[in-house]
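To start, the structure under review is shown below, and the notes come after it.
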Amino acid sequence: MLHPQRLLYLWLIRRSGLFDRQFYLSSNPQIHWLFRRFPERHYILMGEDAGLYPNPDFSPFAYLRHNHDVAVNGQRPFEHFLRSGRYEHRLTRDISDHVADGRSAVTPLRGPGLNRHPQAVVIHIYYPDLWEEFRDRLRRARFAFDLYITVTEQGPDTDDIRARIETDWPEARVLVLPNRGRDIYPFLHLLNAGWLDHYKAVCKLHTKKSPHRQDGDAWRTHLTEGILPEGETAELLQRFLAEEDCGLWVADGQHYNGSKWWGSNLERCQRLLAKIELHAQAEQLDFPAGSIYWVKPPLLDMLRGLALGFDDFDVEQGQTDGTLAHALERALGLICAAGGLTIRQTSELRSPHPAPSPPAPRYVSAFYLPQFHPVAENDDWWGKGFTEWTATSRAQPQFNYHAQPALPADLGFYDLRLTQVMGEQAALARNAGIDAFCVYHYWFDGTRLLEQPIDRLLGRVDVDFPFYLCWANESWRRNWDGLSGEVLMDQSYAPGFASQLARSLIPYFNDTRYQRPDGTRPRFVIYRPEDMPDPAAAVAEMRALWREAGIGEVELGAVLFHLGGEGPVAEDLFDFWIEMPPHGMVTQDDDYLYGGALGNQMPVSVPAQFGGVIYDYDRVRSRSLDPAYVDSLPHNTIAGAMPSWDNTARRGSAAHLAWGANPLRFERWLRELRAHRLPQAYRGEIMLNAWNEWAEKAVLEPSAHYGHGYLNALRRALGRDDNRDRSR
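Everything in the sequence shown is counted per my numbering, starting at 533 for the first residue and increasing by one.
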């Protein structure tokens, strides 16, 4: 039975609502089971005297140090705070001695990472006295890795810890950073610089003491031993890498589930994830606790996509909850789940989950847009010097967290009259697993548009650019959709057009780089066959001319468009059909997040003046795998996927876009296509929409937002990661 004075204290604690039961119990797991039913009593009887935190923001010892009158009078610190201190805005926790100032003085990193081994270890050292503990743990783990160490600026102690590290581990790369974001910002600094590129997995460690926990040292030991077990690390790491659906590896007990773990981080986590088009729901939370784990590249690419820097992180004030670092810890688990990836604990890896590897695609193509050079017609229609870059760079965000404009990275604002650019594109594509580009061919009854890139290529036999052509037979209209608006260039299908078109293609078919995926027949695609007055007659006319000209048989394909045309097309008229997301995949009310029958379902704010349509990228991915949808396709269909879709650059506030697109979800889509669609797909092929449709944000090329994220996702999802170019 509590003393009456303590009963009054208990009543005060419960009435205040400032005692965080979940936090107290999770921070002090050694509490006797009986007291776990009455944690406030434990705190009153012994927890406060031991310095335990009743909530993330209150340290009893710090309160006494900073409030001398409370200590002199012998008052209980939390009781004083509840009665009067909170109204007086008293200091409740220690502020670090090494607080970073508000100015960003961090020098951008230059040069490549170490890149000697397939995996890396990153350690952030805030407590220099713990270096030897981590050094010994790594030595006992016995596996090969590159070591990166970040050290907090701590005056003369900084030189001392650097010297100790250099003596103990001369191969390590050591970097000194200001104390901001604790272990999270230093890790992201290395990641954003590209130093963690090319690794199959990265182990993230830090010198954790957790002063708010009674078992801080034991917890740190458990976290590090769990993912670096002596005698087992190498074997478990290989199992971790072998499980394609596994994104994170943590120590036992560190995979936290349930909304009870949100603390005060939900709202900030939602804002954070919106930057990469993901949404945190209050009832769902699944994350790696403790910030010590092994992590795979798909998650690293997404963390880099957040584009977080020094000034984004809170000034260090001893916070135990509610900072960007705490929100990011939870966001990582939600990112993992969005990619269809799991968090594995060490004991789970000891019982591996073997899964047969799905078949790799036999052939991968990507649609390719040549509209990246000025032509006289575009000068007349859109203004002098117009190219695809003109609209792309002028795009404006239409709502909160709308990632526009979409801008290029490595290749810059290229001009395709420079044929060497096409060689650079092909090298990037080949490294990611793309076999050929399906290049749009603009032919209007003998008149060509945007022909310079591919025609100049024919004269440059030294440029390795595997390609085949797709006749983009839509009329050009001012609203860019080929369906309505002022006609700029009409596709009239004059008599004899089919033979004339077929004859004009022969020089391309004869180029050694022109693709024959089956080893014999050159491939040609028609974008809208149903627009031709008599598709069957036109195809027969083309085939007859090619045979007569000595080309022989041509592998002829067509795109599955979402709208019908004037001429009905028999399913067997073509050798194959191409699935082209998002065409035909947005069909139900709940596919729409905005502009549909269900009204505004967007997880971020959209202004009323936006008159476009927003649909759910993840629903498109799911639709492409739905058995009923797949059964509706022609049997000889090439499976398709898109990295993203957003035509804001062309249509402004009337844009159509897919929200929720990012490299992680694109990679998930491709993994699932391999597992569920390839066995039935035409020749086991995949078609990607697209390589460089920048004004529609259907882009695989390196971008300012995600860097090589989409290419990395493609390479991994196609099962070609072992062949990656480690020189970049």
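The beta-carbon is built from N, C-alpha and C at its ideal position, and this holds for glycine as well.
For clarity, every value in this text was computed on a predicted model and none was experimentally measured.
ask   = Got a sec? Which residues, its chain only, sit under 6 Å from R1155 by beta carbon, not counting five neighbours each side?
value = M1117 and Y1161
query = Using the C-alpha atoms, what's the distance from R573 back to D552?
reply = 13 Å
ask   = What number of angstroms, rounded off, separates the C-alpha of C1002 from the C-alpha of F1029?
value = Looking at the two C-alpha atoms, the distance is approximately 16 Å.
request  = My understanding is that L666 touches T739, with C-beta atoms under 8 Å, so please give their C-beta distance in whole angstroms.
outcome  = Note on residue identity: the sequence assigns Phe, not Leu, to residue 666. Sure, about 7 Å apart at Cβ, within 8 Å.
request  = Please state if the CB of G1184 and the CB of T903 are separated by a distance shorter than 9 Å.
outcome  = First, the amino acid is wrong: residue 903 is Gln here, not Thr. Taking 9 Å as the Cβ cut-off, Q903 and G1184 do not qualify as a contacting pair.
message = For D1150 and G1192, which I take to be in contact (beta-carbon distance under 8 Å), what is that distance rounded to the nearest angstrom?
response = 5 Å
key: Stretch-stretch touch, CB-based, cutoff 8 Å, three pairs: the segment 986 to 1004 with the segment 1049 to 1063   = Contact holds between the segment 986 to 1004 and the segment 1049 to 1063, because three or more Cβ pairs, one in each stretch, are under 8 Å apart.
query = Hey, how far is the Cα of G1131 from the Cα of Y895?
reply = 41 Å
task = With a cut-off of 8 Å on the beta carbons, I'd call D1050 and E1087 a contact; round off their distance for me.
result = Confirmed, Cβ separation roughly 6 Å.
task = Whole angstroms is fine: what's the gap from N963's alpha carbon to D689's?
result = 45 Å
Through-space distance from N1244 to D1253, alpha-carbon basis = 8 Å
inquiry  = Distance check for I576 and G617, CA to CA, integer angstroms please.
reply    = As the crow flies, the alpha-carbon of G617 is around 18 Å from that of I576.
inquiry  = Beta-carbon within less than 8 Å of R1248's beta-carbon, same chain only, minus the 5 sequence neighbours each way: which residues are those?
reply    = P829, P830 and E1199
request  = Could you tell me which of W1078, L1210, C970 and D1022 sits nearest to Y1046, measuring between CA atoms?
outcome  = C970
message = As a quick exercise: from V1101, I1083 and L1092, pick the residue whose alpha carbon is nearest that of A1065.
response = Residue 1065 is actually Pro in this sequence, not Ala. Closest by alpha carbon: V1101.
key: Where D633 sits in the DSSP three-state scheme   = The predicted position of D633 is uncertain, since its pLDDT is 41 and thus under 50; a value taken from the coordinates is nonetheless stated next. In this structure, D633 counts as coil in the three-state DSSP scheme.
task = Decide if the segment 1220 to 1238 is in contact with the segment 920 to 937; the criterion is three or more beta carbon pairs, one per stretch, under 8 Å apart.
result = yes
task = Pull up the CB-CB distance for A1187 and N1179, whole angstroms please, since I reckon it's below 8 Å.
result = 5 Å
In chain order, each alpha helix (DSSP H) run of at least 4 residues that lies wholly inside the segment 810 to 879 = Taken in chain order, the complete alpha helix (DSSP H) segments of 4 or more residues contained in the segment 810 to 879 are 829 to 837 and 856 to 870.
query = DSSP on G1192, reduced to helix/strand/coil?
reply = coil
query = Considering E1233, what are the terminal residues of the alpha helix (DSSP H) in which it resides?
reply = Run containing E1233: none; DSSP gives neither H nor E here.
ask   = Would you report the Cα separation of G1144 and L1033, rounded to the nearest angstrom?
value = 37 Å
ask   = Just how far apart, CA to CA, sit F555 and T682?
value = 29 Å
task = Tell me where the alpha helix (DSSP H) around L1088 begins and ends.
result = From DSSP, L1088 is part of no alpha helix (DSSP H) but of the beta strand (DSSP E) over E1087 to L1092.
Residues that DSSP places opposite W1008 in a beta bridge = M1021
Spatially closest choice to L982 from D1022, A908, S889 and H621, by CA coordinates = A908
query = Under 9 Å between the Cβ atoms of A1230 and F931?
reply = no
task = Excluding the 5 residues preceding and the 5 following I1038 in the sequence, name in chain order all residues of the same chain whose CB lies nearer than 7 Å to its CB.
result = Apart from sequence neighbours up to five positions away, the residues of its chain that approach I1038 with a beta-carbon distance below 7 Å are A1081 and I1083, ordered along the chain.
task = Rounded to whole angstroms, what's the CA-CA distance from F567 to G549? Just pull it up for me.
result = For F567 and G549, the gap between their C-alpha atoms comes out near 19 Å.
key: Cα-Cα separation, H564 to A812   = 34 Å
ask   = What residue does the alpha helix (DSSP H) around L555 start on, and which one ends it?
value = The amino acid at residue 555 is misidentified as Leu; the sequence shows Phe. R553 to S559 is the extent of the alpha helix (DSSP H) around F555.
query = Using CA coordinates, which residue listed in F1093, T1044, D581 and L810 is at the minimum distance from L838?
reply = L810
task = Figure out for me which residue from Q802, R672 and P985 has the closest Cα to the Cα of R949.
result = P985
query = Hey, how far is the Cα of L1246 from the Cα of R1203?
reply = 9 Å
inquiry  = Going by DSSP in three states, A938 sits in which element: helix, strand or coil?
reply    = coil
query = What residue does the beta strand (DSSP E) around S889 start on, and which one ends it?
reply = Note, S889: premise wrong, no beta strand (DSSP E); not H, not E.
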